[in-house]
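Trainee: I'd like to ask some things about the structure below.
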Amino acid sequence: EITTTAIAKHMGVTQGALFKHFPNKDAILQAVMEWVADRLLSRVEKAASSVSSPLAAIEAIFMAHADFVVEHPGVPRMLFGELQRAELTAPKRMAQTLIRRYGERLSHLLDQGKAAGELSATLDTEAAATLFIGTLQGLVMQSLLAGDVQRIRRDAPRVFAIYRRGIGSEE
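Numbering (the working numbering), first residue to last: -15 to 155.
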């Protein structure tokens, strides 16, 4: 669990100073989740718009997301921590919204890829979006267990290649 003491220490301020800006710990976590959602979704959009095909956009998003995690390794720890809480907190709601919006964007690209013939016409879009997000989460968990966040960047291209074969067109 992330404590306000640890946050204050990391920021180089006192715990009291934190609460001059935020009424409680949930407000701090909510501000962090807003920052994460804004940065991650804008990075995903930028990656997707930088290429010309749906499949290339899906790959660009995967790599951009992997890079985001490498650059901000504390984010997955906080996100996993929030999602494990039994109660529905504002930060947990925001995390759920982020994952939903991300999944919707991905599903749209998957549908475009099917229409363009880049992806299998029989592809289960919802399952493919779930697998995409789960694959990234798996890379994150393995890097946390290994204590090596750079592992994500090394493994992402190979893992995406397997994912691409699974969703690709039969042609």
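Just so it is clear, CB atoms sit at the ideal spot from N, CA and C, and this is done for glycine as well.
Check whether the stretch 31 to 48 and the stretch 134 to 150 touch, using three or more Cβ-Cβ pairs below 8 Å as the test.
Mentor: These segments touch.
Trainee: To the nearest angstrom, how far is the alpha carbon of residue 4 from that of residue -11?
Mentor: Cα-Cα distance, rounded: 14 Å.
Trainee: Throw me the rounded Cβ distance for the residue 38 and residue 118 pair, which I believe falls under 8 Å.
Mentor: Incorrect: roughly 20 Å between the Cβ atoms, too far for contact.
Trainee: Please state the DSSP three-state secondary structure of residue 72.
Mentor: Of the three classes helix, strand and coil, the one that applies to residue 72 here is coil, per DSSP.
Trainee: For residue 75, count neighbouring C-beta atoms within 10 Å of its own C-beta (all shown protein chains included) and say buried if the count is 16 or more, exposed if not.
Mentor: With 16 or more Cβ atoms within 10 Å of its Cβ, residue 75 is classed as buried.
Trainee: Going straight from the alpha carbon of residue 148 to that of residue -2, what length do you get?
Mentor: Their Cα atoms are separated by approximately 48 Å.
Trainee: Do residue 21 and residue 78 have their C-beta atoms within less than 8 Å of each other?
Mentor: For residue 21 and residue 78, yes; Cβs fall inside 8 Å.
Trainee: Taking the alpha carbon of residue -13 as the point to measure from, which residue in 66, 116, 123 has its own alpha carbon closest?
Mentor: Out of 66, 116, 123, 66 has the C-alpha closest to the C-alpha of residue -13.
Trainee: Nearest to residue 57 by alpha carbon, out of 81, 127, 99?
Mentor: For residue 57, the nearest C-alpha among the options comes from 127.
Trainee: With C-beta atoms as the reference, is residue 15 less than 8 Å away from residue 6?
Mentor: Yes, Cβ-Cβ distance for residue 15 and residue 6 is below 8 Å.
Trainee: Just list the residues that DSSP pairs residue 152 with in beta bridges.
Mentor: For residue 152, which the question treats as bridged, DSSP gives the partners 103.
Trainee: Tell me the start and end of each unbroken beta strand (DSSP E) in the stretch 2 to 83 that is at least 3 residues and wholly inside, in chain order.
Mentor: Counting whole runs of 3 or more residues, the stretch 2 to 83 contains no beta strand (DSSP E) stretch at all.
Trainee: Is residue 41 near the ligand HEM, in the sense that its beta carbon is under 7 Å from a heavy atom of that ligand?
Mentor: Ligands are entirely absent from the displayed structure, and the ligand HEM is therefore not among its contents.
Trainee: Have a look at 109, 123, 125 and flag the residue whose alpha-carbon is nearest the alpha-carbon of residue 151.
Mentor: When only C-alpha atoms are compared, the closest one is 109.
Trainee: Mind reading off the beta-carbon distance from residue 24 to residue 52? Whole number of angstroms is fine, and I expect it under 8 Å.
Mentor: Sure, about 6 Å apart at Cβ, within 8 Å.
Trainee: Can you say whether residue 43 is buried or exposed, counting buried as having 16 or more other CB atoms within 10 angstroms of its CB?
Mentor: With 16 or more Cβ atoms within 10 Å of its Cβ, residue 43 is classed as buried.
Trainee: Taking the alpha carbon of residue 40 as the point to measure from, which residue in 122, 133, 129, 102 has its own alpha carbon closest?
Mentor: Ranking 122, 133, 129, 102 by Cα distance to residue 40 puts 102 first.
Trainee: So which of 0, 99, 83, 100 has the shortest CA-CA distance to residue 120?
Mentor: The shortest Cα separation from residue 120 among 0, 99, 83, 100 belongs to 83.
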